[in-house]
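Enquirer: Below are the C-alpha cells for one structure; questions will follow.
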Amino acid sequence: MRLDDYIEGLEPDESARRRQLAAEKSYAITEYLEDFQSRFEETVQGDSLYGATAPSIFVGRTNYPNVSTGLLSPVADGDPTDFVTDGQWYQQGLGVGDVVERRTGLLNSRRRANVNVEDVWDGFVGVQREVAIAGDPVDVEIGLDGTLDLDLDVGEGVATPTGPSASATSVDLTENPHVPRPVKKTLEDDDWQAQGAMTYLYRRGLDVYDINRVLSAGALGQGENRRLVPTRWSITAVDDTIGQYLRGQLRHAPSVDSVEVRMNEYMGNRFWVVLAPGQWEFELVEMKAPGSVWNPDPTGDIWMGSASEGYEGRTGYVDETAGAYYASRLGVLEHLADRGRQAKCLVLREVSDDYWAPVGVWQVRESVRNAFDGTPWHSVEEDAVDDSLAGEHGEAETFHGAVRTIAQRLPVSDERLRRKSDLVAGVQRSLGDF
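Just so we're on the same page, my numbering is the position in the sequence shown counted from 1, plus 940.
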C-alpha cells in the first residue's frame, strides 16, 4: 500500500487519541495509595503478610554494592501475575493510570543486602532469588515491622516499581517453587558467562522480562561473578545483549526490498518506524512535548534526543535516550530476524503531554514490537482500536521521501529533525565515531 494511503488510514479519532491530563490524572495516585493503605492494614495479620507473590523482585541501585532488595507482593484479591510487568499489559490495553494502580497495589518488602550472592540461597536474599527464578507465583510468609512507607519511586527504565514498601524482618517459602528447565541449566552451569546464558534462555523461549528477573537475582554468569543486578541496569543489559545477538544473526542476511513505514500509538507515545534497503543501521530520535513527564515545563520547547549505530553496533552506553534506545532496537531486530532480513532503520518517538506518569521502557519495547505485529495504533478504549490495518505497512519510493511525508505530522520542523538525526541528514558514521 502506498505510504500516503497508509498514513491516511492511520489517523485516529482525535477525541479518543487525546485525553485531558486533568481528567486522566485527577487525584488517582493519592486515591490508590489511600486504598492501598487500608488494604494493607486488612491483609497484614499481626506483623506478617500471607499470600501469593507475583514472581517479581526489585533490586535498587543506591549505595551499591549494599543495595535495597525486595519482594513485590500484591495486596489485593485476584491473579498475582496481573501485577507482573510484561507484554500482556500492552495486549490488555492498560493506560497510564492503570499501570499506576497496579504498581501501587504492590508491596515492596525490603531488606538491605550485599550484591555478592554466589552461594546465597538462604535467608531473605535466598528466598528472593527463589521467587525470581520461579516460573509461577510463589506463596510466601513475610514478617514486617508494621511501618508502611507510601513514597513511590518509578523512575524511567524501571519495569517493576519500588512502590509502597515496608521493612521485612523475615521471609519463608510456603511451597516449593517450580523452576523452568532452561533456567535450571543456566543456574547449574557456573562456568557460563552471563551473555551466553541470556542468549540461551531467549532461544529457549523466555522473553526478556523473564530473563531480566533471573539476571537481577544474580542467577546468571560465572560463579564468582554472580551478583544481584539493580533492576534498572538489568533491563538495559538484557535488551542490549539480546539485541546484539539478533544483530549478529542478521550480519549476512539480505536486505529488505523497499522502504516500509509503520506507526503505533500507546499511552501518549507515538512511534514511526522506517525500514529502508541497506546494511544494518539504527537510530532513535525522541521528541518530548512540554508538559510530558520528562519535559515537565508546560511553557518550554519540545525536547529532542537521539542515538544511533552503524553496521558494527556501538561500543558505549547511550546516555541521551537511555533504555528506550535498547528497547526500541530490540523490537526492530526481532521483526527483522523473523523475516531473515536486515535494514537501515529509523525510529521516531513523539511523547505527548498525555504521558503524565512514568511507566518504564516496557511500553517502548511493546509499542515497537506491535508496530509490526499488532494494530497500527492502540488505545485503551475498545472502540478506538483500528484493526483494519493490522500487520500492514506503507511503502515509499525512497527513505528521504518517507521521512518528508512523516515530518508533516511531527511536532518539530524539518530543520530541527535534520540537525538531530544522522539518518535524516544523510550522514554516515563509522564505529570509531561513537
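Every residue gets a Cβ at the ideal spot worked out from N, C-alpha and C, and that includes glycine.
Report back the beta-carbon spacing between Y1295 and V1213 to the nearest angstrom; my notes put them in contact at under 8 angstroms.
Expert: Going by Cβ atoms, the distance from Y1295 to V1213 rounds to 19 angstroms, so no, they are not a contact pair.
Enquirer: Suppose the cutoff is 6 angstroms on Cβ atoms and the five residues either side in sequence are ignored; what does the same chain contact list for L1288 look like?
Expert: Contacts found: W1212, V1225.
Enquirer: Can you pull the DSSP bridge partners for L1224?
Expert: BP columns for L1224 point to A1247, V1287.
Enquirer: Quick one: Cα of D1079 to Cα of A1108, how far?
Expert: Their backbone Cα atoms lie some 16 angstroms apart in a straight line.
Enquirer: Could you say if the region 1149 to 1167 and the region 1236 to 1252 meet the contact criterion of at least three C-beta pairs nearer than 8 angstroms?
Expert: No, they do not touch.
Enquirer: Can you pull the DSSP bridge partners for E1200?
Expert: Answer is L1215, E1335, bridged to E1200.
Enquirer: Quick check: what's the CA-CA separation for L1186 versus E1274?
Expert: When rounded, the distance between both Cα atoms is 7 angstroms.
Enquirer: What residues are listed by DSSP as bridge partners for T1009?
Expert: Beta-bridge pairing links T1009 to V999, R1051.
Enquirer: Taking 6 angstroms as the limit between beta carbons, can you name the residues of its chain near S1008, skipping five residues before and five after?
Expert: So the qualifying residues of the chain are G1000, R1050, R1052.
Enquirer: In the DSSP output, which residue or residues are listed as bridge partners for R1210?
Expert: Answer by DSSP bridge pairing, in chain order: E1205, E1290.
Enquirer: Taking the continuous beta strand (DSSP E) assigned at T1114, which residues delimit it?
Expert: Neither: T1114 is in no beta strand (DSSP E) and is coded neither H nor E.
Enquirer: Could I get the ranges of all uninterrupted beta strand (DSSP E) runs contained in the region 1015 to 1070, with 3 residues as the minimum, in chain order?
Expert: As far as the region 1015 to 1070 is concerned, its whole beta strand (DSSP E) runs of at least 3 residues are 1046 to 1054.
Enquirer: Taking the alpha carbon of Q1031 as the point to measure from, which residue in A1311, L1357, G1334 has its own alpha carbon closest?
Expert: Taking only the C-alpha atoms, the option nearest Q1031 is A1311.
Enquirer: Taking the alpha helix (DSSP H) that I1175 belongs to, which residues open and close that run?
Expert: Start and end: 1171 to 1189.
Enquirer: Go ahead and pull the three-state DSSP assignment for A1148.
Expert: First, the residue type needs correcting, since residue 1148 is Val and not Ala in the sequence shown. Correct three-state label for V1148: helix.
Enquirer: Helix or strand or just coil, what does DSSP make of D1362?
Expert: Helix at D1362.
Enquirer: Got a sec? Which residues, its chain only, sit under 6 angstroms from N1056 by beta carbon, not counting five neighbours each side?
Expert: So the qualifying residues of the chain are R1167.
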